[in-house]
Amino acid sequence: MREDKPDPAIAVFLAALFLASAAPLIDGADREEPVTQLSNGFTATHSADAPGRFEPVLYAHNGIFAFGFLRVGSASLDLAVVHLPSSFPLWCATPARLADWSRPATLSFDNRLILTVPEVGELWSTLNVVGDTVALLNSSDLVIRLFNGRGTPWRSFENPSDTLVLGQNFTMSSPPLISKNRRFSLRFAKTYMALHMEFYGGRTRPMYWQYTAREAQPENATQPPVYGRLDSRGFFGLYLLGGDQSVDMLAFDTFVRNLTGAFRRMTLDDDGNLRAYYWTEGSKAWTSDYKAISGPCELPTSCGAYSLCVPGGAPKCQCLINSTASIAPPCRAEESTDLRGGGAGQLFDVVRRNRVSLAYKEQLPFETYKTAAECEQSCAASCSCWGAVYNGGSGYCYLIDFPVETVVYEADDRKVGYFKIRKAQQQSAAGRGMSPGVTAAVVVASLVLASLAVAGPYVGWKRWLRQRRAGGVGMEQELTPGHYRDLKSMDSPNNSFKT
């Protein structure tokens, strides 16, 4: 499968740039050569009218990799190590605030690398580092070195962004891989690796995929933790830290082919899947030969927030909220704050659905109840709970303590779901990033005005909930097969997956 085609304009520009030796000159050189080392005192300024999306300032000796200014999207600026044949960024600095491509930015090296913007200040730097030179190795590792081979106090291989490459160790103490859209992460624990969703700036990280090393021994307190490394033979090896004792491996499609001479990478993509790719001489695109999650409906956000994914030969998406209409996702904007983040008196609507489950429920904590009503009430009573999925066969109640994303259709009437949905005005206030004080004032004022006109939406909701509980009405009593005639509308081409 071919994916991630390079930008032809970037590739042509970079190839011409390198071959023509039009890069900055090495100090004291008699002829133009690409810069392969930066020394203390180095400064380079980004040109806002640069013709390409990448401005290299440093090259690896093999000419395959370069480090410099990278345009992100249409208007932002980052620092990156780029694979020149494909124009793919293997490492990005990713400062907390991206610079504006249309404004000048300065990269300097004075014992440490620093990215600054006039009138803004320092956006990124290699903190707590003192070095003498900067080099880009033939492995794509960007390193800060000390003179006389006294060490490398900083290297990009120890500070990954969203990608691992050949020879790069990924350990329990490594910073996590973070997808470019900042929504997913890959982390190592002592005996396993896991994929997580990232909510509220990383404060909430539910797991949706886990792989445990087969020969690791969780019960052995003295056994070293596991680490991973991409191998040129076509696998991701798992080893015991402190040596090369193998405890497992993730084999790629090309492992049995004994493909040699390929450059490989493993990337956490923006859909939340972990994939491996390779590039050979003469390639026109990266070839994917491994993915951690095989089915589209198994991805946590494949259809977006508050949506239903129906597996099959051509998986389809449908909205949970208005299930009788043929509405193609996105069904609802992604939530950026918790249910309490909209201020006091938080209001929400409720949606109930039959025949729903979670693809990653095995990774979630659960409680056991005799009825779906008890499961629902457990979530309704918790301000941190966004929803619950109940399995009437096992009695398991999976509580969703994070914003609801994609749920999966299963043809089993015993599997039911209860989901809280922030009211439109509350979601709007939370999405604008209003301060808690301002948000609370707005909500309180709205509730006062509403109570003067009618009985008050919050009071009415509470009365309704008490009446339901007194009457013993739960999820399974209200939902009937008639609620699922909407599945017929899933044949609409507007609901089909795009691959």
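For reference, each letter of the sequence shown is one residue, going -22 to -1, 1 to 477 in mature numbering (1 follows the signal peptide of the UniProt record, and there is no 0).
All C-beta atoms, glycine included, are put in the ideal place defined by N, C-alpha and C.
Scanning the stretch 201 to 269 for uninterrupted beta strand (DSSP E) segments of 3 residues or longer gives 204 to 209, 213 to 218, 224 to 229, 241 to 246, 252 to 257 and 264 to 269, listed from N- to C-terminal end.
DSSP places F20 in the strand class (E or B) of the three-state scheme. Spatial neighbours of L120 in its own chain (CB-CB distance under 6 angstroms, excluding positions within 5 residues in sequence) are listed in chain order as F45, V59, L114 and S134. The DSSP-derived three-state label of N369 is strand. Nearest neighbour of S151 by Cα position, chosen from N137, S157 and L208, turns out to be N137.
At a cut-off of 3 residues, the continuous stretches assigned as beta strand (DSSP E) that sit fully inside the stretch 43 to 116 are 43 to 50, 54 to 61, 66 to 70, 84 to 87, 91 to 95, 99 to 103 and 111 to 114.
Per the Cβ contact rule, the stretch 356 to 373 is not in contact with the stretch 261 to 269 (fewer than 3 Cβ pairs under 8 angstroms). In this structure L155 is buried. Its beta-carbon is surrounded by 16 or more other beta-carbon atoms within 10 angstroms. In this chain, the alpha helix (DSSP H) harbouring Q355 covers A350 to A358. By the beta-carbon neighbour count (other beta carbons within 10 angstroms, threshold 16), L62 is buried. Taking N18 as the centre and dropping the five residues before and after it, the same chain places the C-beta of F87, D88, N89 and D110 closer than 7 angstroms to its C-beta, in chain order. One Cα belongs to K168, the other to V204, and the distance between them is close to 6 angstroms. Spanning the alpha carbons of V108 and T279 requires a straight line of approximately 42 angstroms. Looking only at E354, R243, A22 and M171, the smallest Cα-Cα distance to V394 is reached by E354.
Of the other Cβ atoms in all chains shown, 16 or more fall within 10 Å of the Cβ of D56; this residue is therefore buried.
Taking C-beta atoms under 8 angstroms as the contact rule, L208 and Q146 qualify, at a distance of about 7 angstroms.
Counting only residues of its own chain and dropping the five nearest sequence neighbours on each side, H24 has a CB closer than 7 angstroms to the CB of E33, F47, L55, P82 and A83. Per DSSP, the continuous beta strand (DSSP E) segment holding C297 begins and ends at K294 to C297.
In this structure, the beta-carbon distance from G250 to S157 falls below 8 angstroms. In the three-state DSSP reduction, Q15 falls in the coil class, being neither helix nor strand. Each residue's CA atom was taken as its position, placing T72 and S139 some 8 angstroms apart.
Taking C-beta separations shorter than 6 angstroms and ignoring five residues to either side along the sequence, A358 has no partners in its chain. Non-local beta-carbon contacts of D226 in its own chain, meaning distances under 7 angstroms to residues more than five positions away in sequence, involve A191, R192, E193 and L216 in chain order. For N332, the enclosing beta strand (DSSP E) covers residues F326 to N332.
Taking the Cα positions, L228 is about 33 angstroms away from E312. Taking C-beta atoms as the reference points, W257 and F241 count as a pair closer than 8 angstroms. Taking the C-beta atoms as reference points, R161 is found no nearer than 8 angstroms to M171.
Setting aside the 5 residues that flank it on each side, E276 is surrounded in the same chain by A337, each with a C-beta closer than 6 angstroms to its C-beta; the list follows chain order. Distance from the CA atom of E352 to the CA atom of K398, rounded to whole angstroms, is 16 angstroms. If you draw a straight line from the Cα of L317 to the Cα of R400, it comes to about 7 angstroms. Sequence-distant Cβ neighbours of L76 in its own chain, meaning closer than 7 angstroms and more than five residues away, are V50, S54, L55 and D56. N126 sits in a helix when the DSSP states are folded into three classes. In the displayed model, S118 falls within coil according to three-state DSSP, outside both helix and strand.
Under the three-state reduction of DSSP output, G273 falls in the coil class, being neither helix nor strand. When DSSP reads this structure, L377 sits in a beta bridge with A366.
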